[in-house]
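A.B. asks:
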Amino acid sequence: MGDSQYSFSLTTFSPSGKLVQIEHALTAVGSGQTSLGIKAANGVIIATEKKLPSILVDESSVQKIQILTPNIGVVYSGMGPDSRVLVRKSRKQAEQYHRLYK
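Using this note's numbering, the letters of the sequence shown map in sequence onto residues 4 to 105.
#1: Give the DSSP bridge partners of residue 69, in chain order.
#2: Beta-carbon separation of residue 71 and residue 44 under 7 angstroms?
#3: Could you spell out the range, first to last residue, of the beta strand (DSSP E) harbouring residue 51?
#4: With DSSP run on the structure shown, which of helix, strand or coil describes residue 103?
#5: With 16 as the cutoff for other CB atoms within 10 Å, does residue 47 come out buried or exposed?
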């Protein structure tokens, strides 16, 4: 019996005692590119690898560094769709914070 039928939930153990969804997540993390952020006295330096999955992908369409607000930036090294969701939520949260406290 394969573990694939037990990969529908984060808390479902397979008969072999594995949390299959967690293993999938760890595999995805291991395949991510390196990203780095350095705080300096007068700013920050953000760098990341930009490996294209295929030569058919336009390099300008892949953006690993995003600006959330004029003072906040983010870099990601995982999957593009996941980062777009997180960036969208972060921008919304920053906007709510700005409306409440500024």
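Glycine is no exception: its CB is placed at the ideal position from the N, C-alpha and C atoms.
C.D. replies: Per the coordinate set shown:
#1: For residue 69, which the question treats as bridged, DSSP gives the partners 77.
#2: Taking 7 angstroms as the Cβ cut-off, residue 71 and residue 44 do not qualify as a contacting pair.
#3: 46-51
#4: helix
#5: Residue 47 sits exposed, since fewer than 16 C-beta atoms from the chains shown fall within 10 Å of its C-beta.
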